DNA sequence: ATGGGCACCTGGCTGC
DNA sequence: TGCAGCCAGGTGCCCA
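Residue numbers (the working numbering): 2 to 272.
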């Protein structure tokens, strides 16, 4: 579910309450995630301080005194900040109890999320070391996109969703960004012009930025740290709008399948 | 090196 | 009402 805007919204939602706090207890209710949660974590995390709350791509990084927690929300995960004791519901996997009395509670029905702990530099962790530059980083620019697409015969939509090439963009924002860039999602990446690469870089950033401002997109499961949904869904141009009028030209939005995922686009605005 | 397809899971919706 | 079938914000891994 969560793409970069939802993860960033989560990060911002817990930053103020978590930074500087000490972990009084780490409780695992269900260790089954994409990879089983290390059973020695309660012992390793207890009493450590949360020094910083960062994000890398779609991963949340809780930097602790002695190491870093690497958390991924998968397709259906959410992390809520609970100010007081709250009854557990199904698919609550773990709690981080803070010395302030707040609890960070992770819930992930589909269990595609993950939690790792490393005492090394997280940037060199197996899951993070091959990731592309951050979309808001100067390194992600038109020259970069033009260069990496030259030997790619894959469709641009697929390239945008490949975390080793572009980071933070998932199925929603790939369609949204290409609409904003006025590029057809089926275009072979290697055939993009430099001008199109300029538009795509700007569009990726604009789509992500706009979604962050709205607190992310909630389609089904996603909730922010306060338990409320994100409000970007009503501002989507094409995602899940197949058969409806394009917000710009009123042509009917189309839905196709690419790499076993749905893609949405306007056949008029995007060539 | 690149690309395609599968796997991992649960729940909600649709249509018979 | 019940149930089968399909679909869903991700991504690592295996094979050609």
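All C-beta atoms in this analysis are idealised placements derived from N, C-alpha and C, irrespective of residue type, glycine included.
For clarity, every value in this text was computed on a predicted model and none was experimentally measured.
Residue i vs residue j beta-carbon contact at 8 Å
i           : j           : result
residue 51  : residue 14  : no
residue 116 : residue 72  : yes
residue 74  : residue 106 : no
residue 176 : residue 232 : no
residue 3   : residue 223 : yes
residue 170 : residue 5   : yes
residue 25  : residue 100 : yes
residue 68  : residue 118 : yes
residue 218 : residue 211 : no
Residues bridged to residue i [DSSP beta-bridge criterion]
i           : result
residue 117 : 71
residue 108 : 79 and 93
residue 27  : 97
residue 253 : 246
residue 232 : 218
residue 258 : 263
Proximal residues to residue i (C-beta, below 7 Å), its chain only, five neighbours per side dropped
i           : result
residue 247 : 254, 267, 269 and 270
residue 226 : 11, 14, 15, 80, 81 and 82
Reduced DSSP secondary structure (H/G/I, E/B, other) of residue i
i           : result
residue 157 : helix
residue 52  : strand
residue 337 : An answer regarding residue 337 cannot be provided, because it is not within the stretch 2 to 272 covered by the chain.
residue 57  : strand
residue 246 : strand
residue 63  : strand
residue 226 : coil
residue 87  : coil
residue 7   : helix
residue 21  : coil
residue 45  : helix
residue 135 : coil
residue 237 : coil
residue 123 : helix
residue 14  : helix
residue 148 : helix
residue 211 : helix
residue 38  : coil
Proximal residues to residue i (C-beta, below 6 Å), its chain only, five neighbours per side dropped
i           : result
residue 179 : 186
residue 31  : 94
residue 199 : 143
residue 276 : Any property of residue 276 remains undetermined from this structure, which presents the chain solely from 2 to 272.
Chain-order list of residues whose beta-carbon lies under 8 Å from that of residue i (same chain, five-residue window excluded)
i           : result
residue 142 : 202
residue 165 : 131, 132 and 133
For the stretch 160 to 196, list the alpha helix (DSSP H) runs that are entirely contained and at least 4 residues long, ordered along the chain. 172 to 182
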